[in-house]
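Participant: Handing you a structure now.
In the numbering used here, the protein residues as written are 1 to 202.
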């Protein structure tokens, strides 16, 4: 009888050790609900990120499928934004992608070689009055066909109308170059469909 009790005690001891080891190995956060994500954050809309949107991607907008021929990545301190050259419609477009204070900002731009303006004061273009919004200096790198060198530094000056439904941009790619002028308008993510670019070749 005494031997049976010893065996039973030994079995219970081993079983308790197994339970203890399992409990220690079990992840502490198991069963904990994950935090809810911001549906408007840039990370929640990866189709506009640099891995999906680059040379070779297709952007469907306004009933037209545009091919991304090249992309420019801008960096100013901790801030990064992109411009993509789209072709396939009546004229080339530039599609800008930027995250500003947690919000995804998208815009379509058209180069305006007919305008001869300088980035100072206020401007009236196509009957719309524009006021200065932001100016700065940024580094850039390019990929694909953009008409720009592989990298460098540039200056930019951005204008907008009162409700920011119309945009005006000045860009200069070297101190001795003239300003390039573009007009643009914001677009919503729901207005576009992005067919991702193929992965970069190694």
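Ideal Cβ placement from N, Cα and C applies to all residues, glycine included.
Can you say whether residue 193 is buried or exposed, counting buried as having 16 or more other CB atoms within 10 angstroms of its CB?
Facilitator: Per the 10 Å Cβ criterion, exposed.
Participant: With a threshold of 8 Å, are at least 3 pairs of Cβ atoms found where one atom belongs to the stretch 177-189 and the other to the stretch 106-119?
Facilitator: Touching, yes.
Participant: Quick check on DSSP: helix, strand or coil for residue 70?
Facilitator: Strand.
Participant: CB-CB under 6 Å to residue 56, same chain, minus the five flanking residues each way: which ones, in chain order?
Facilitator: Taken in chain order, the residues that qualify are 197, 198.
Participant: Is the beta carbon of residue 138 less than 8 Å from the beta carbon of residue 154?
Facilitator: Yes, Cβ-Cβ distance for residue 138 and residue 154 is below 8 Å.
Participant: Just grab the DSSP bridge partners of residue 95 for me.
Facilitator: Residue 95 pairs with 84, 108.
Participant: What residues match up with residue 138 in a beta bridge as DSSP calls it?
Facilitator: Per DSSP, 154.
Participant: Three or more beta-carbon pairs under 8 Å between the stretch 64-73 and the stretch 82-101, yes or no?
Facilitator: These segments touch.
Participant: What number of angstroms, rounded off, separates the C-alpha of residue 186 from the C-alpha of residue 176?
Facilitator: Their backbone Cα atoms lie some 30 Å apart in a straight line.
Participant: Looking at residue 95: is its Cβ nearer than 8 Å to the Cβ of residue 59?
Facilitator: For residue 95 and residue 59, yes; Cβs fall inside 8 Å.
Participant: Helix or strand or just coil, what does DSSP make of residue 184?
Facilitator: Three-state result, residue 184: strand.
Participant: Pick from 48, 61, 97, 54: whose alpha carbon is nearest that of residue 191?
Facilitator: Checking every option, the nearest Cα to that of residue 191 belongs to 61.
Participant: Could you give the distance in angstroms between the alpha-carbon of residue 53 and the alpha-carbon of residue 108?
Facilitator: Roughly 14 Å between the two C-alpha positions.
Participant: With DSSP run on the structure shown, which of helix, strand or coil describes residue 189?
Facilitator: Residue 189: helix per DSSP, three-state reduction.
Participant: Buried or exposed for residue 200, going by 16 or more other Cβ atoms inside 10 Å?
Facilitator: Per the 10 Å Cβ criterion, exposed.
Participant: If we ignore side chains and look at the alpha-carbon of each, how far apart do residue 152 and residue 142 end up?
Facilitator: Between residue 152 and residue 142, the C-alpha separation is close to 9 Å.
Participant: For residue 164, does the count of other Cβ atoms within 10 angstroms reach 16, so buried, or fall short, so exposed?
Facilitator: Answer is exposed; the Cβ neighbour count stays below 16.
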